[in-house]
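Trainee: The following block contains the structure, expressed as structure tokens.
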Amino acid sequence: MGRRDTPPHVPPPRIVLGPDDIDATVARLAGELDEGHGDGTVLVGVLRGSVPFLADLVRAIGFHPRIDFVAVTAYTPGAGRVRLLKDLDLDVGGRDVVIVHDIVDTGLTSAFLVSEVERRHPRSVEICALLDRSVRRVVPVPIAHVGLEVGDEYLVGYGLDHEGRYRNLHLVAAVDRAALEADPDVYVPVLYGSVGGGDRSPEVDGPV
């Protein structure tokens with residue numbers, strides 16, 4: 013058991029992917045992409061959560077990709093559908109396209125983006141996701157490259173945020189959502205090592 017920097021009434025975070033796990037996962041996924049893709053492949057990052065993952069991924073792959081970004085509204089039952097907020101800037105016609113997600117959840121966003129890309133007549137389109145939460149899948153969507161299957165936990169870190177916080181952590185942690193709703197900074201001391209510090213490994217309860 014490590015140091016506990018959360019208040020006594022707040023469940024401690026559980027590390028789902030530590031820094032070494034992330035590095036190994038990125039290396040494995042980069043190797044998979046190297047096997048089936050080459051120069052000119054377009055990697056499309058889904059803003060904003062994919063940014064840390066995509067940045068590490070493009071440095072780890074062995075070919076020279078083209079990089080673009082899209083942004084969409086998050087799907088909610090009340091909204092009814094996913095909408096495109098930022099479209100592709102590149103012409104992907106005739107090219108291999110890899111859509112890069114931080115996490116695939118219901119599959120609605122992924123299915124929407126695949127459909128949008130396919131309208132541009134690429135040579136191929138597939139999905140690469142750091143995390144796959146298939147337990148919440150609503151629409152079946154094939155994911156060619158998966159870093160880790162996760163359960164129905166609230167996750168922060170490595171692109172996953174809560175009110176803009178925790179995206180820059182080089183780890184993924186499962187945390188108590190109710191505690192974050194009450195105080196968005198409640199996990200800052202334990203996950204960052206100290207308030208304002210981002211370069212120290214956290215000491216938390218639970219398996220790494």
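When you line the sequence shown up against the working numbering, it's residues 13 to 220, in that order. We put the beta carbon where it would ideally sit given N, CA and C, even for glycine.
1) Along the alpha helix (DSSP H) that carries leucine 41, what are the first and last residues, could you check?
2) Closer than 7 Å by C-beta to glycine 74: which residues in its own chain qualify, once you throw out the five before and the five after it? Chain order, please.
3) Pairs of beta-carbons, one from the segment 23-32 and one from the segment 50-67, closer than 8 Å: are there three or more?
4) Smallest Cα separation from arginine 145: which of Val200, Leu160 and His174?
5) Between which two residues does the beta strand (DSSP E) holding aspartate 80 run?
6) Distance check for valine 187 and glycine 48, CA to CA, integer angstroms please.
7) Return the chain-ordered list of same chain residues with a C-beta closer than 6 Å to the C-beta of alanine 222, the five sequence neighbours on each side being excluded.
8) Using the C-alpha atoms, what's the distance from arginine 149 back to valine 162?
Mentor: Judging by the given coordinates:
1) Within the sequence shown, numbered from 1, the residue matching residue 41 stands at position 29. From DSSP, the alpha helix (DSSP H) with leucine 41 extends over 31-48.
2) Taking the sequence shown and counting its residues from 1, one reaches residue 74 at position 62. For glycine 74, where only same-chain residues beyond five positions count, the Cβ hits under 7 Å are Asp46.
3) no
4) Indexing the sequence shown from 1 puts residue 145 at position 133. Nearest of Val200, Leu160 and His174 to arginine 145, Cα basis: Leu160.
5) Mapped onto the sequence shown, residue 80 falls at position 68. Counting along the chain, the beta strand (DSSP E) containing aspartate 80 begins and ends at 78-84.
6) Here residue 48 is taken as the residue at index 36 of the sequence shown, counted from 1. Here residue 187 is taken as the residue at index 175 of the sequence shown, counted from 1. Their backbone Cα atoms lie some 36 Å apart in a straight line.
7) As shown, the chain starts at 13 and ends at 220. That puts residue 222 outside it, with no answer to give.
8) What you label residue 162 is simply residue 150 of the sequence shown in a count that begins at 1. What you label residue 149 is simply residue 137 of the sequence shown in a count that begins at 1. Rounded to whole angstroms, valine 162 to arginine 149 spans 12 Å at the Cα level.
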